[in-house]
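Protein chains in written order, with this note's numbering: chain A, 115 to 382; chain B, 115 to 382; chain C, 115 to 382. A virtual CB, placed ideally from N, CA and C, is assigned to each residue, including glycine. Here the structure is a predicted model, which means the values were calculated and not measured.
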Amino acid sequence: MTITPSGIWKDIETIRQESPLVHNITNYVVMNTTANALLALGASPVMAHAQNEAADMVNIARALVINIGTLSDPWINAMFTAAARAKERDIPIVLDPVGAGATPYRTKTARDLIHAAFPAIIRGNGSEIMALCETTATTKGVDSGSASDLAIDAARKLNREFGAVICITGETDYIVSQDAMISIKNGHEMMPRVTGLGCTATALCGAFAAINPDFFMAAAHAMAVMGIAGEMAARTARGPASLQLNFIDTLYQLSETHIQALLRLGKA
Amino acid sequence: MTITPSGIWKDIETIRQESPLVHNITNYVVMNTTANALLALGASPVMAHAQNEAADMVNIARALVINIGTLSDPWINAMFTAAARAKERDIPIVLDPVGAGATPYRTKTARDLIHAAFPAIIRGNGSEIMALCETTATTKGVDSGSASDLAIDAARKLNREFGAVICITGETDYIVSQDAMISIKNGHEMMPRVTGLGCTATALCGAFAAINPDFFMAAAHAMAVMGIAGEMAARTARGPASLQLNFIDTLYQLSETHIQALLRLGKA
Amino acid sequence: MTITPSGIWKDIETIRQESPLVHNITNYVVMNTTANALLALGASPVMAHAQNEAADMVNIARALVINIGTLSDPWINAMFTAAARAKERDIPIVLDPVGAGATPYRTKTARDLIHAAFPAIIRGNGSEIMALCETTATTKGVDSGSASDLAIDAARKLNREFGAVICITGETDYIVSQDAMISIKNGHEMMPRVTGLGCTATALCGAFAAINPDFFMAAAHAMAVMGIAGEMAARTARGPASLQLNFIDTLYQLSETHIQALLRLGKA
Chain A
115 MTITPSGIWK
125 DIETIRQESP
135 LVHNITNYVV
145 MNTTANALLA
155 LGASPVMAHA
165 QNEAADMVNI
175 ARALVINIGT
185 LSDPWINAMF
195 TAAARAKERD
205 IPIVLDPVGA
215 GATPYRTKTA
225 RDLIHAAFPA
235 IIRGNGSEIM
245 ALCETTATTK
255 GVDSGSASDL
265 AIDAARKLNR
275 EFGAVICITG
285 ETDYIVSQDA
295 MISIKNGHEM
305 MPRVTGLGCT
315 ATALCGAFAA
325 INPDFFMAAA
335 HAMAVMGIAG
345 EMAARTARGP
355 ASLQLNFIDT
365 LYQLSETHIQ
375 ALLRLGKA
Chain B
115 MTITPSGIWK
125 DIETIRQESP
135 LVHNITNYVV
145 MNTTANALLA
155 LGASPVMAHA
165 QNEAADMVNI
175 ARALVINIGT
185 LSDPWINAMF
195 TAAARAKERD
205 IPIVLDPVGA
215 GATPYRTKTA
225 RDLIHAAFPA
235 IIRGNGSEIM
245 ALCETTATTK
255 GVDSGSASDL
265 AIDAARKLNR
275 EFGAVICITG
285 ETDYIVSQDA
295 MISIKNGHEM
305 MPRVTGLGCT
315 ATALCGAFAA
325 INPDFFMAAA
335 HAMAVMGIAG
345 EMAARTARGP
355 ASLQLNFIDT
365 LYQLSETHIQ
375 ALLRLGKA
Chain C
115 MTITPSGIWK
125 DIETIRQESP
135 LVHNITNYVV
145 MNTTANALLA
155 LGASPVMAHA
165 QNEAADMVNI
175 ARALVINIGT
185 LSDPWINAMF
195 TAAARAKERD
205 IPIVLDPVGA
215 GATPYRTKTA
225 RDLIHAAFPA
235 IIRGNGSEIM
245 ALCETTATTK
255 GVDSGSASDL
265 AIDAARKLNR
275 EFGAVICITG
285 ETDYIVSQDA
295 MISIKNGHEM
305 MPRVTGLGCT
315 ATALCGAFAA
325 INPDFFMAAA
335 HAMAVMGIAG
345 EMAARTARGP
355 ASLQLNFIDT
365 LYQLSETHIQ
375 ALLRLGKA
């Protein structure tokens with residue numbers, strides 16, 4: 115099970131041909147940019163959050179993306195309703211636990227969603243992934259490894275308990291399951307200065323999971339595309355706004371040649 | 115009653131001079147881009163959705179745009195309150211029935227709004243317009259014409275029952291009333307890859323209807339401006355994000371010369 | 115107490131080094147663009163509005179920005195909760211009374227927030243600032259000065275009663291306290307054609323107030339940066355969308371040399 119340019123490209127071609135409908139219950143900040151990223155990649159995004167239609171919208175979708183970035187009680191109710199219907203229909207759920215660890219409300223909501231929904235993929239930064247893991251040892255006074263080692267440990271525990279593929283994104287992206295790990299070194303240091311590119315990475319996981327039933331490879335392909343498109347976008351960016359613009363345009367233009375030339379994996 | 119470059123230009127000049135206030139109760143995804151489109155054209159957008167101020171905001175507006183893209187019960191209540199006040203004040207209401215047909219909640223909300231508000235203009239794609247029409251024959255087993263013929267039939271029925279001018283947008287845009295139809299062939303194939311350009315078309319209908327009491331011509335002028343600006347924007351676009359950026363800049367720069375050179379009408 | 119390029123630059127360097135967390139309860143239209151402006155400047159934005167976590171989020175923030183642009187009752191409740199916690203923690207509150215004067219709901223909410231929260235800085239246009247001031251004489255039949263004189267009078271009254279530094283933004287920006295006033299003449303006439311640049315000015319006040327305890331200078335520095343970056347952005351803008359893009363990129367690139375070359379003060 116390895117990631118290859120041709121494997122990534124095959125998934126992109128399928129997304130462009132099939133335009134899978136991806137239902138997003140996501141945050142206000144990134145709705146426009148993640149919808150545009152999904153469209154530029156070739157998927158069909160729908161953004162809808164009302165309890166009254168959550169299940170009906172899931173009925174016509176091929177993946178459900180749940181992002182708790184600007185959560186509130188009515189939205190959380192819709193997330194659980196949509197997730198329950200997605201489980202019944204056996205379509206993949208992708209979870210972005212934005213800000214888990216920052217407030218008890220976020221941490222609890224993210225953990226409750228994992229218990230209820232058993233997401234196919236969870237994507238967050240290292241501290242979010244560690245916050246999800248109820249049994250992670252605190253790092254205080256522990257000299258047992260780097261922050262990313264601790265996050266990878268947390269990811270393995272989450273995978274063991276809930277079966278989700280875990281993406282830990284940062285300077286290097288780690289895609290973690292019980293018995294496999296891929297690390298991807300693409301991307302650009304300016305990307306964290308654009309709001310919501312992490313949320314975009316999560317949304318792209320939804321598009322890939324919609325058409326590739328191997329969720330580990332789907333997540334890895336999504337992270338590779340994020341990093342490569344971000345790198346290409348940064349070449350002519352004069353700042354974060356032109357980076358965001360170039361990023362969407364690059365998703366639209368992306369070719370197999372780009373992926374072959376630029377994919378950079380870390381040591382497994 | 116024909117559409118001419120000079121008629122379109124006269125309306126644009128009026129919008130630029132009078133900066134009509136257009137009150138939008140619209141979806142989260144497009145709030146920023148539709149506000150910017152209205153500003154670039156020369157109108158004054160306000161986005162406000164609270165039940166507590168819906169009527170007060172309508173009191174200072176010259177048109178009301180209702181878009182159900184990310185609907186929920188509190189917003190629907192505000193839509194009805196705002197619509198009732200708009201009827202009392204006799205200012206035009208423009209409705210975008212986003213996703214009508216996709217879920218019962220959307221279809222019912224859109225139909226209820228039409229029954230209560232009698233919009234001046236309704237803009238949607240063909241399937242949305244057909245979903246609004248309760249008596250439209252299903253297409254199953256019927257070999258009675260193309261999808262756009264069926265949508266135009268639905269538009270005529272809606273116009274007969276509710277009086278609204280109907281815009282059906284797609285590769286060709288159709289503006290339909292009981293006894294007239296204009297078709298406009300401007301636009302670019304990349305436009306559907308930008309989220310919310312349909313919603314922008316609806317918002318522009320609000321600006322034109324605010325200053326032109328002939329709502330059929332107002333709608334046609336809005337569609338012509340959308341298509342022409344989209345075409346101009348696509349010339350130097352490298353993807354959907356630069357298309358969106360160029361589109362807003364083009365609305366700001368649009369001159370009568372551009373319209374004269376580019377307006378392309380279909381057969382009536 | 116004067117504004118100097120080196121004073122502005124010192125604050126920018128501090129923001130870039132310390133990346134202060136700025137908690138925003140703001141409107142849907144500008145969430146994306148204000149988050150990006152804060153990131154481009156070097157601050158760390160968080161957007162969160164749930165009553166359930168408002169106090170917890172304030173606990174980890176260094177400034178609170180409250181913007182009533184798309185207000186509704188649940189959001190107002192969170193604004194008061196967050197403001198109360200910010201007062202307890204003694205972190206600065208910045209208020210943007212968007213649309214005060216346009217509807218009673220907005221005027222009342224903005225005034226109630228001022229009474230409850232005693233913001234460090236209030237930023238609005240002249241008519242919003244006048245609407246906040248319950249005792250401002252109406253302008254009807256009064257030939258007692260220009261609109262900006264009346265707004266400055268209102269600002270002085272608000273400062274006397276509530277202690278807030280008041281920014282009145284427009285062609286000239288006025289930063290007003292009881293015994294001092296700075297006026298800044300930077301900016302570009304196209305800026306009002308971009309939705310939410312006023313809200314961005316408010317958000318930047320949050321970043322500067324987070325690291326500079328002299329809120330009068332913090333507000334003046336924020337307004338100077340807005341105007342200078344807007345002016346630089348306009349140089350190559352072809353319309354409002356490229357102006358917005360250039361503006362964010364310029365915030366990211368801004369150097370002391372730019373500020374030295376471009377800062378233009380009015381008469382005090």
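DSSP state of residue i mapped onto helix, strand, coil
i: A:V212; result: coil
i: B:D328; result: coil
i: C:N141; result: coil
i: B:S369; result: coil
i: B:P218; result: helix
i: A:T350; result: coil
i: B:G301; result: coil
i: A:I235; result: strand
Distance, residue j Cα to residue i Cα
i: A:L185; j: A:I139; result: 10 Å
i: B:K271; j: C:I362; result: 48 Å
i: C:G210; j: C:T316; result: Reading the sequence as shown, one finds Asp at residue 210 of chain C and not Gly. Looking at the two C-alpha atoms, the distance is approximately 6 Å.
i: A:G213; j: A:T221; result: 8 Å
i: A:I243; j: A:T223; result: 14 Å
i: A:S158; j: A:R199; result: 19 Å
i: B:S241; j: B:Y142; result: 22 Å
i: A:A192; j: A:I207; result: 14 Å
i: B:R378; j: B:S262; result: 18 Å
i: B:T364; j: B:N173; result: 31 Å
i: C:I228; j: C:A234; result: 10 Å
i: A:Y366; j: A:G301; result: 17 Å
i: B:V339; j: B:H372; result: 10 Å
i: A:A245; j: A:Y288; result: 17 Å
i: C:H163; j: C:I190; result: 9 Å
i: B:T350; j: C:T350; result: 16 Å
i: A:K124; j: B:A151; result: 37 Å
i: B:R225; j: A:A278; result: 41 Å
Residue i: contacting residues in chain B (beta-carbon distance under 9 Å)
i: A:I174; result: A216, T217
i: A:Q367; result: R352, G353
Closer than 7 Å at the beta carbon, the chain B residues around residue i
i: C:S84; result: Absent from the model: residue 84 of chain C. The displayed extent of chain C is 115 to 382, so no value can be given.
i: A:E167; result: T217, Y219, R220
Per-residue contacts from residue i into chain A (C-beta, under 7 Å)
i: C:A162; result: T184
Residue i classed as buried or exposed, judged by whether at least 16 other C-beta atoms fall within 10 angstroms
i: C:T283; result: buried
i: B:G320; result: buried
i: C:E248; result: exposed
i: A:G380; result: exposed
i: B:E167; result: buried
i: B:P62; result: No information on residue 62 of chain B is available, as it lies outside the stretch 115 to 382 that chain B covers here.
i: A:E345; result: buried
i: C:S297; result: buried
i: C:G312; result: buried
i: C:S120; result: exposed
i: A:P354; result: buried
i: C:S369; result: exposed
i: C:Q358; result: buried
i: C:R237; result: buried
Contacts of residue i in chain A (Cβ-Cβ under 8 Å)
i: B:R307; result: L153, A154, Y366
i: C:M171; result: A216, T217
Interface partners of residue i on chain C, CB under 8 Å
i: B:L359; result: A355, S356, L359
Chain-ordered neighbours of residue i on chain B, where CB pairs are closer than 8 Å
i: A:N150; result: V308, T309, P354, A355, Q358
Interface partners of residue i on chain A, CB under 9 Å
i: C:N146; result: Y142, V143, V144, M145, N146, T147, T309, G310
i: C:D363; result: A351, R352, G353, P354, A355, S356, L357
Contacts of residue i in chain C (Cβ-Cβ under 9 Å)
i: B:D187; result: Result: empty, since nearest Cβ-Cβ is about 12 Å, beyond 9 Å.
* **Residues of the segment 193–223 of chain C with Cβ closer than 8 Å to any Cβ of chain B, in chain order** => G213, A216, T217, P218, Y219, R220
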